[in-house]
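Letter by letter, the sequence shown follows residues -19 to -1, 1 to 459 in mature numbering (1 follows the signal peptide of the UniProt record, and there is no 0). Glycine included, each C-beta is placed from N, C-alpha and C at the ideal position. Here the structure is a predicted model, which is why all the values come from computation and not from measurement. Below is one structure, written out as structure tokens; the observations come after it.
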Amino acid sequence: MVPKSLVTVICCLYSACLGDAHYNTIVWVNTVEVMRHSGGHLPFEAEVSKYFLHGATNRLTVAVNNTLTPTTLPPGTITYQNDTSRYPEGYFTQNIQMDFFNYAGIHRPVLLYTTPSQYISDVTIVTRFNETAAYIQYNVEAQSTSAVVVTRVLNADGKAVGFEKGLSGVIVLTSYSLWWPYTMSNTTYAYLYTLELTLISSSEGSVIDIYRQPFGIRTVNVTNKQLLINNKPFYCLGTSHYPYAEEIMDEADRFGFVVIDECPGVGIKSNNLGNVSLEHHKSVMRELVARDKNRPSVVMWSVANEPVSADTNAGPYFKEVISTTRQADSTRLVTFVIGPSDYWKDQVVPYVDIICVNHYYAWYSDMGHIEVIGLQIKQDLDMWHKTFNKSIILSEYGADTISGFHSVDYLKAHHTVFDVLRNDYLVGEMVWNFADFMTVQGVNRPYGNHKGIFTRQRQPKPAAFTIRNRYVSLGTQH
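Below is the structure:
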């Protein structure tokens, strides 16, 4: 129920926000359609004030359809069976092009929130630093024609350490703390400031709105052999590459986890490289950047996982997607994850800042022969680096960790060669996966994918202890 007091006391606007609904969504308020959205894993909202009944019960209705087509992200196809002697009328199957289950429904919180009629709607923060000062550049979007914005920088203790006025500006701090990943600082890591924006009436001097945005002072760069955070080498140790919920991203900011922020562009085939797909893909990347642009944990955008990057149409397609991403945010690196491709024919790697490669040596080929792992990893990664002269992350490796399989020995065979290559151009290793997960029904994946080092119930397998020991050991070497 919407209180009458909000109408009589202040003039406010109502917005309905869905954190994530997969895939096509229609939202109604009291039988009136208020918004539509295509795509999962990202929030969307609409201002719905005029549709609400004050002092009465209101109904918010959400319809969600998870059907995937050649132009969705991730893509899929629909197959209809017309033989009514064997199938019911209208029978069809959804064909999935990804190794994940196609969940449907509302996945994240649904919120109703209010703002004043004049309010601050967004802010973009960019930071840089040198030996003498840190520079905090901000740009505010305010739904106001005459109000004034007063900006303060608050340190982790809530003390104001910087001031400015106006919709945009640069605040200089001569004494500052950097946001460091957890493994890169023996003292203070994940240091967060808050940019506090106050909207003040220019005629009355009263406060109209206050907007607070956490941020960190952090830079990211890359060379042909190093990934640099705050101008110091960083080695990626991690897992997964899901489009994360905002609550998880908040934790990453607070605890010093580094994030490669990936859109749900998985399973892209040759028939998914058309103009309709391209425009939707660009829109998804803009939405992702808009959500996470101020997060110090995010150092890289990933535009796809294992697309057909050797296809001749993949080059111009992803060149435009990557360009759109850089236009939305020029302060972070852009990559994609290589799957079914080889160094001599890949069309997309020339456009990215860093090479991410998925490969399962002695698993999908030379099955069980772990003695070939070291030789093949070095041969393949050497050629990727020699061809493109870019730093490399092995963004997926692993094996189904099921009782009876030698998964620990399999992992250790990788680690031996990683220790050689990380002294050259290898800047990260990402095991696949953190936990077992459900996939499409089929004989190849009984009860899902078992590559997790934890079970679906989050119980550790022996491989989890191997990975933990390695990550702890390498983390202390920074």
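Rounded separation between residue i and residue j - CA only
i: T(-12); j: G36; result: Residue placement at T(-12) cannot be trusted, given a pLDDT of 38 that sits under 50; the coordinates are not used to answer.
i: F144; j: I117; result: 11 angstroms
i: K300; j: T447; result: 39 angstroms
i: T175; j: R276; result: 12 angstroms
i: R439; j: F415; result: 9 angstroms
i: V279; j: Y68; result: 48 angstroms
i: S221; j: T12; result: 40 angstroms
i: W9; j: A44; result: 9 angstroms
i: I106; j: N76; result: 42 angstroms
i: V353; j: I383; result: 21 angstroms
i: I(-10); j: S182; result: Unreliable placement is indicated for I(-10), whose pLDDT of 43 sits below 50; the coordinate value is still reported in the next sentence. Answer to the nearest angstrom: the Cα atoms are 15 angstroms apart.
i: V15; j: P24; result: 15 angstroms
i: D390; j: I319; result: 25 angstroms
i: E26; j: L375; result: 37 angstroms
i: G150; j: R40; result: 42 angstroms
i: L254; j: K263; result: 12 angstroms
i: Y119; j: V134; result: 11 angstroms
i: V424; j: R437; result: 19 angstroms
i: L392; j: H261; result: 38 angstroms
i: Y298; j: V257; result: 11 angstroms
i: N136; j: S156; result: 11 angstroms
i: M230; j: S66; result: 51 angstroms
i: P441; j: Y223; result: 20 angstroms
i: Q124; j: M411; result: 43 angstroms
Beta-carbon gap between residue i and residue j smaller than 8 angstroms
i: T108; j: R199; result: yes
i: T420; j: D80; result: yes
i: I152; j: T132; result: yes
i: L180; j: I101; result: yes
i: D334; j: T316; result: yes
i: G433; j: A394; result: no
i: T48; j: Y4; result: yes
i: V239; j: P162; result: yes
i: residue 464; j: P51; result: Residue 464 cannot be examined here, being either before or after the span of the chain that is shown, -19 to 459.
i: residue 460; j: V121; result: Here the chain covers residues -19 to 459 and nothing more, so residue 460 does not appear.
i: D381; j: H431; result: yes
i: V302; j: V284; result: yes
i: G197; j: L173; result: yes
i: V329; j: S290; result: yes
Buried/exposed call for residue i, threshold 16 Cβ in 10 Å
i: G379; result: buried
i: D138; result: exposed
i: I358; result: buried
i: E243; result: buried
i: V265; result: buried
i: D234; result: buried
i: M364; result: exposed
i: Y72; result: exposed
i: V338; result: buried
i: G20; result: buried
i: F236; result: exposed
Own chain residues within Cβ distance below 7 angstroms of residue i, not counting five before or after
i: Q78; result: P55, P56, G57, G248 and K250
i: L314; result: V201, V203, V280, M281, D334 and I335
Proximal residues to residue i (C-beta, below 8 angstroms), its chain only, five neighbours per side dropped
i: Y(-6); result: V(-18), E28, V29, S30, F33, L93, Y94 and T95
6 angstroms Cβ shell around residue i - same chain, five flanking residues per side excluded
i: D323; result: none
i: N46; result: N5
i: V129; result: I181 and S183
i: R89; result: G(-1), D1 and A226
i: E70; result: none
i: H18; result: T6 and F25
Margin query: Assess contact between the region 397 to 417 and the region 54 to 66, defined as three or more Cβ pairs (one per stretch) separated by less than 8 angstroms. Is contact present?
Written below: no
Margin query: For the structure I just gave you, are there three or more beta carbon pairs, one from the region 365 to 377 and one from the region 406 to 415, closer than 8 angstroms?
Written below: yes
Notebook entry, point to check: Pairing CB atoms from the region 448 to 459 with CB atoms from the region 216 to 236, are three or more of them under 8 angstroms?
Noted result: yes
Check: Given 8 angstroms as the limit, is there contact between the region 304 to 322 and the region 343 to 356, that is, 3 or more CB pairs closer than that?
Finding: no
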